[in-house]
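So the sequence lines, in the order shown, correspond to chains A and B. Numbering-wise, the first sequence is residues 0 to 354 according to numbering that gives the first Met the number 0. Numbering-wise, the second sequence is residues 0 to 354 according to numbering that gives the first Met the number 0. Glycine included, C-beta positions come from ideal geometry on N, C-alpha and C. The structure appears right after this line, and notes come after that.
There are 2 protein chains.
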Amino acid sequence: MTRGRPGAVTLTDVAKAANVHVSTASRALDPAMSFRISAATVDRVTAAAARLGYMPDMIAQGLKRGTTTMVGVIVPDLANPFFGPLIRALSEQLERRGFVTLVAETLEDHDRFERTLNHLLGRRVNAAVTTAARASDRDLLRRFAERIPSCVLAVRNIAGSGLPYVIQDDRQGGELAAGHLTELGHDVLAQLHGPSDTATFTERGEGFRRTVGAAGRVEVSVGEYAEGLTLSEGKRLMALTLDRNEANPPTAVFAHADLLAIGAIEEIDRRGLRCPQDISVIGYDDAPLVGHIQPPLSTIALPGGEIGRRAGEIILQLIDDPAAQPDSVSLPAQLIVRSSTAPYDRDGARRDRTA
Amino acid sequence: MTRGRPGAVTLTDVAKAANVHVSTASRALDPAMSFRISAATVDRVTAAAARLGYMPDMIAQGLKRGTTTMVGVIVPDLANPFFGPLIRALSEQLERRGFVTLVAETLEDHDRFERTLNHLLGRRVNAAVTTAARASDRDLLRRFAERIPSCVLAVRNIAGSGLPYVIQDDRQGGELAAGHLTELGHDVLAQLHGPSDTATFTERGEGFRRTVGAAGRVEVSVGEYAEGLTLSEGKRLMALTLDRNEANPPTAVFAHADLLAIGAIEEIDRRGLRCPQDISVIGYDDAPLVGHIQPPLSTIALPGGEIGRRAGEIILQLIDDPAAQPDSVSLPAQLIVRSSTAPYDRDGARRDRTA
DNA sequence: CTCATGTTGCCAAACGTTTGCACGCTCCGG
DNA sequence: CCGGAGCGTGCAAACGTTTGGCAACATGAG
């Protein structure tokens, strides 16, 4: 016995009402098939369907057609405002073609990532885009990609996965951040590093480190990574950075995410220091609202909407032609200077230190 | 012919590998049914399933069982950071029981809301929670609720829908805002009103208006509503409020959402006025980060996470027992005073006005 | 009048599961 | 030794669709 929704009107009901066979009804309602059916019949069926309020059962349809018109999107953290615009752009893009979006969160946890992937697999999604992949997920991802018609990586690329991606040039982002800070005259800098094991962040880190080195400045490091892109991790890392470098404190820090940056500023405030006068902080993402925080955050713009949109395009392209080899895209990074970064004030700093 | 995923291993494959009938395999793998099957067989089937990497097809399962273990969640605007924590709490709650979350966005648009509902209906979701319902959606919602086993309204209640809800006492929220502002000595106040036709906002408006009236203060109104909870709408409404009340400008405004408040502050800045010295602004939601903006936003806390969690609980309760009459909940509002509201400075204001 | 041709709609199988029913076996008491 | 109980398993129908194949019928040409 089935627990079918009471009152659910099925195609059979429509067919009966229109006095045709269910298969005829099916074809009449399918624009791609209705050419085989006489106009009169099509009208009759359409009318009956409308009258009864027929609504195709996507589940049955999915079973038969092998396509569920669902796409999964995996993000690390739904509470990070950066992902809102990304998800929106993506689902807007897909909705136009009748696809619906399944969102899931990993919280940077490998097991959780795997569970999520399995979930999507079991639900036979037609496509998936993940913004949460880490290097250790590579094999997982490959097995996964074999069984999902189209997968794309967004924001975070995984080398050797063979999957198309839509990312930003993270190295360039790191370089931009470093360039900005060194131009402001900062001599000792630090990074608040995003989760290890993720190309996105190692690239940012690399780009930054090299540029700082090339400029003859010094980077102090605590060798710790954020475990998530959250305020509290930002505070923690900032505290660590300050505590472990009392002898030679950095005057500028590059946080790999806006949320980390804001947490860092909070910690700076808590210690009675000021941003940007005592310490400049630059973030990454240009998430919504960060231009309004105190102080308005300088950051590297990572255009979530654009990324979502492009990822959607690739998905669609792949769905139309599974054999297509879509071009991956790497967007240029863009520096946004606001007020959380300021020139290094040698005298001001000295004054504070001796006060 | 089917376009089934290549390499998808089905229950039939498992059964074959374990030398049992497919029905036996099905039972062996279902904890609720496996008591009818001998331990040896269960082991054999489980082993085979593991070996082959079997993964049940939720689509087929959904078709047969009439349950898809999907729940839809409808929000007005994914770019509003308020909803992140809500969605997270909800999906965390549901994930534990194997449900997966479908998110959709309405952008405050009735047609879009209807399309979304139909989508969810067609996909046979087991439950839905909407945070985007408006009064004009009531009938739609009722028809919908008849066909979805469990529906709950979150954040926004719809009178007469008969659906359980998880909201906040919005009237009290409005009262709190008004109380705070009048206590600070403001004599002429204004509201930046959320979308019309939505109880949530009319309640907030009512609560505010009455309290202001009871305190003998005056509320100037532009009779316009925000069309969405966005920065730009906040700017627009604030500009309107200032332009139309040049003779008697408000010194304090109550925005029905943090995003509106931030937009308002932006407009205030743009005009060379200062918040809170010239105009106090209080928001609503206590969305992530608003405590960090400039100036730190006073607001009424609307606990998204808590609401999501409670909505999840109700959903689960309803799923376990469709006849249950779950208790709706109305959370108390809480005033969060930060720095965007300040005492009315008669002299300062007069000085500015005559300057 | 017949036959090729084309149109229209019906039949039935299939997608991968679940589940009521019945079958066959073992065991045990009478 | 028979009969029923009880257990484990297999059979087949069903969930709501889609679709290849075919039957039925009409049309027009030879």
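Mapping DSSP to helix, strand and coil, what is residue i?
i	result
alanine 238/A	helix
glycine 83/B	helix
valine 221/B	coil
histidine 355/A	Past the edges of chain A, shown from 0 to 354, lies residue 355/A, and the structure says nothing about it.
glycine 282/A	strand
valine 128/A	strand
isoleucine 36/A	coil
histidine 185/B	coil
leucine 228/A	coil
threonine 9/A	coil
aspartate 56/A	coil
asparagine 247/A	coil
glycine 121/A	helix
isoleucine 267/B	helix
alanine 177/B	helix
alanine 213/A	helix
alanine 47/B	helix
leucine 89/A	helix
glutamine 373/B	No information on residue 373/B is available, as it lies outside the stretch 0 to 354 that chain B covers here.
glycine 159/A	coil
threonine 115/A	helix
aspartate 257/A	helix
Across which residues does DSSP place residue i in a beta bridge pair?
i	result
leucine 69/A	At residue 69/A the sequence reads methionine, which differs from the leucine that was named. Per DSSP, Val99/A.
cysteine 359/B	What is shown of chain B runs 0 to 354, which leaves residue 359/B out entirely.
histidine 192/B	Tyr224/B
glutamate 104/B	Val74/B
In the DSSP assignment, the beta strand (DSSP E) including residue i goes from what residue to what residue?
i	result
serine 329/A	328 to 330
valine 165/A	164 to 167
phenylalanine 253/A	251 to 254
isoleucine 335/A	333 to 335
Does any residue of chain A bring its CB to less than 8 Å from the CB of residue i?
i	result
glutamate 266/B	no
arginine 87/B	yes
asparagine 125/B	no
leucine 77/B	yes
threonine 9/B	no
threonine 1/B	Summary for threonine 1/B: the model assigns pLDDT 42, below 50, so the residue's position carries little reliability; its value from the coordinates is reported in the next sentence. For threonine 1/B, the answer is yes, since a Cβ of chain A falls inside 8 Å of its Cβ.
valine 102/B	yes
arginine 122/B	yes
aspartate 56/B	yes
threonine 67/B	yes
isoleucine 73/B	no
leucine 62/B	yes
histidine 140/B	What sits at residue 140/B in the sequence shown is leucine, not histidine. With 8 Å as the cut-off, leucine 140/B does not count as an interface residue toward chain A.
Compare the C-beta of residue i with all C-beta atoms of chain B and state if any pair is closer than 8 Å.
i	result
histidine 179/A	no
serine 90/A	yes
isoleucine 292/A	yes
proline 80/A	yes
methionine 32/A	no
aspartate 169/A	no
histidine 118/A	yes
arginine 337/A	no
proline 302/A	no
valine 154/A	no
alanine 59/A	yes
isoleucine 36/A	no
Can you give me the start and stop residues for the alpha helix (DSSP H) that residue i sits inside?
i	result
alanine 144/B	137 to 146
lysine 25/A	According to the sequence shown, residue 25/A is serine rather than lysine. Element bounds for serine 25/A: 21 to 28.
alanine 78/B	Looking at the DSSP string, alanine 78/B is not in any alpha helix (DSSP H), and its letter there is neither H nor E.
threonine 365/B	Outside the shown range of chain B (0 to 354) lies residue 365/B, about which nothing can therefore be said.
arginine 309/A	303 to 319
- Query: Using 8 Å as the Cβ pair cut-off and three pairs as the minimum, do the segment 131 to 151 of chain A and the segment 171 to 191 of chain A touch?
  - Reply: no
- Touching by the beta-carbon criterion (3+ pairs, under 8 Å), the segment 74 to 94 of chain A and the segment 96 to 111 of chain B: yes
- Query: So, do the segment 72 to 91 of chain B and the segment 124 to 134 of chain B have three or more beta carbon pairs nearer to each other than 8 Å?
  - Reply: yes
- Would you call the segment 291 to 305 of chain A and the segment 331 to 347 of chain A in contact, with 3 or more CB pairs under 8 Å? yes
- Query: Contact between the segment 161 to 172 of chain B and the segment 199 to 208 of chain B: three or more CB pairs below 8 Å?
  - Reply: yes
- Message: Can you confirm whether the segment 34 to 51 of chain A touches the segment 189 to 196 of chain A when touching is taken to mean that 3 or more C-beta pairs between the two stretches lie within less than 8 Å?
- Response: no
- Query: Between the segment 248 to 259 of chain B and the segment 275 to 292 of chain B, do three or more beta carbon pairs fall short of 8 Å?
  - Reply: yes
- Do three or more CB pairs link the segment 267 to 280 of chain B to the segment 243 to 255 of chain B at distances below 8 Å? yes
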